[in-house]
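In the working numbering, the protein residues as written are 4 to 396. From the three backbone atoms N, C-alpha and C, an ideal C-beta is built for every residue, glycine too.
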Amino acid sequence: MRIAHLVSTFPPYYGGMGNAVFGMAQESAKRGHEVTVLTAKQESGIRNKGDRSIIPNSLFIIRRLRSFGRWGNAAFLPQLFWMLDDYDIVHLHYPFFGGAEAAALWRASQLKRGRQLVVTYHMDAIADGWLGRVFAWHNRFILPSILSLADRIIVTSFDYAEHSLLKQYESRVKNKMVEIPLGVDTERFTPREKDAELLRQHKIDPASFTLLFVGGLDRAHAFKGVEVLIRSFKLFSEFQHVDDRRAHTLVIVGDGALRPSYAALALELGIQDKIVFTGRVAPDDLPRYYATADCVVLPSINQSEAFGMTILEAMACGRPVIASLLPGVRKLVLDRRTGLFAKPSDIVGLAKVIAVIADDPELRVRYGNAGRERALDRYTWSAVGEELERVYR
Numbered sequence: 004m005r006i007a008h009l010v011s012t013f014p015p016y017y018g019g020m021g022n023a024v025f026g027m028a029q030e031s032a033k034r035g036h037e038v039t040v041l042t043a044k045q046e047s048g049i050r051n052k053g054d055r056s057i058i059p060n061s062l063f064i065i066r067r068l069r070s071f072g073r074w075g076n077a078a079f080l081p082q083l084f085w086m087l088d089d090y091d092i093v094h095l096h097y098p099f100f101g102g103a104e105a106a107a108l109w110r111a112s113q114l115k116r117g118r119q120l121v122v123t124y125h126m127d128a129i130a131d132g133w134l135g136r137v138f139a140w141h142n143r144f145i146l147p148s149i150l151s152l153a154d155r156i157i158v159t160s161f162d163y164a165e166h167s168l169l170k171q172y173e174s175r176v177k178n179k180m181v182e183i184p185l186g187v188d189t190e191r192f193t194p195r196e197k198d199a200e201l202l203r204q205h206k207i208d209p210a211s212f213t214l215l216f217v218g219g220l221d222r223a224h225a226f227k228g229v230e231v232l233i234r235s236f237k238l239f240s241e242f243q244h245v246d247d248r249r250a251h252t253l254v255i256v257g258d259g260a261l262r263p264s265y266a267a268l269a270l271e272l273g274i275q276d277k278i279v280f281t282g283r284v285a286p287d288d289l290p291r292y293y294a295t296a297d298c299v300v301l302p303s304i305n306q307s308e309a310f311g312m313t314i315l316e317a318m319a320c321g322r323p324v325i326a327s328l329l330p331g332v333r334k335l336v337l338d339r340r341t342g343l344f345a346k347p348s349d350i351v352g353l354a355k356v357i358a359v360i361a362d363d364p365e366l367r368v369r370y371g372n373a374g375r376e377r378a379l380d381r382y383t384w385s386a387v388g389e390e391l392e393r394v395y396r
């Protein structure tokens, strides 16, 4: 089959959706399908040949298209309407403002009968202010048409779907919805010893309790809750007894326009010497950062977080996790078995949970081992690829 994945962002852009699409496309290509990823052109860090780009080890084609208007991760790509005739299955990854509309028009065309539209509904589009009003308009007038035209709708968990905007359109998605989680490369992300070179590079005490956050620091990822995390880490620092002030470090991996404001907050709170901002790291180095961590945290504040790829990567690396108690995420983490939960935006609650993990090395080992077993049992890309294959067939 000829399969096209439509996604708003793609590596090297730092985001879970693009990384998930990479895994899906790779698995389908391994099964002998002709797979192409269609996405908007990005600014830098990409080797291009015409409108195509090369990602090391990819088995599929990547086409980065010129946009006719762009805002954040939204990109108007009207050329998709006629380009999609080349494919048997079009797999749209929603939200993709500027691309989803063209895919829906393509599927609605009488000339396109016999070709199929699969939609993975990754998350609700949520924002404040005027952007939130734009999202609300799109959710009311455009999203219902996309859902009606889709032949199959994939969700990463029924739990998230039950609490998402999809619930409002139950009649449109009935009998179309399939649950397929995202996956992780369990050979690349695997348990290993703490990376001494990274510890030296970032001047981290090897005996320090090291908490790791991985995610984009741009406005599109403001929902990741980095400000909440920094304020919670400040409180956690204050919890340490005067006679037992063990070293503790928060490592923030990622970059974006909000990084300076997060660094300024750390300075304002007086914990700038306890926080390491690494900036963007190479994909091959990311497993080394997980290995350096004692615990990985996902402090997301709303339902723009539907799954949590970083939590999955941490589990594969045998690291315990702390996550916000959100629909979808709460099905990925097993409470008191692979990690612990904190309520979204609860600064005090998150600080207390960090303290529980920090104070119990045996608990960290137990949760980490259980997380690795869970990743191997349910979340390998080969298992996800098999479920995708059934949907495509």
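- Looking only at L202, A105, D88 and L353, the smallest Cα-Cα distance to V10 is reached by A105.
- When the five nearest sequence neighbours on each side are left out, the beta carbons in the same chain lying within less than 6 Å of the beta carbon of Y370 are those of P323, T341 and G342, in order along the chain.
- Sequence-distant partners of G19 (beyond 5 residues in either direction) whose C-beta falls short of 6 Å from its own C-beta, in its chain, are M312.
- Leaving aside the five residues that flank L315 on each side, the residues in its chain whose CB is nearer than 8 Å to its CB run, in chain order, L185, G186, V187, L335, A378 and Y382.
- Excluding the 5 residues flanking it on each side, G388 has same chain C-beta neighbours closer than 6 Å at E30, in chain order.
- By the neighbour-count criterion, in which 16 or more other beta carbons inside 10 Å mark a residue as buried, G259 falls on the buried side.
- Here the C-alpha atom of H125 lies approximately 25 Å from the C-alpha atom of G321.
- Put simply, the backbone Cα of S148 is about 22 Å away from that of I183.
- The beta-bridge partner set that DSSP reports for R67 consists of T42.
- Counting only runs of 3+ residues, the beta strand (DSSP E) found wholly inside the segment 199 to 251 occupies 212 to 217, in chain order.
- Look at S11 here: in three-state DSSP terms it is coil, with no helix or strand label.
- F99 is the residue among D380, E37, F99 and F63 whose C-alpha sits nearest the C-alpha of F79.
- Here the alpha carbons of W140 and W133 stand approximately 11 Å from one another.
- Just so you know, the alpha carbons of E173 and D162 end up roughly 14 Å apart.
- For H224 and H36, the gap between their C-alpha atoms comes out near 32 Å.
- By the neighbour-count criterion, in which 16 or more other beta carbons inside 10 Å mark a residue as buried, P209 falls on the exposed side.
- In the displayed model, H125 falls within coil according to three-state DSSP, outside both helix and strand.
- Between the alpha carbons of L329 and S303 lies a distance of about 8 Å.
- In chain order, P302, I304, S348, I350 and L353 place their CB closer than 7 Å to the CB of V231, counting only its own chain and leaving out the 5 sequence neighbours on each side.
- Taking the Cα positions, L220 is about 6 Å away from G257.
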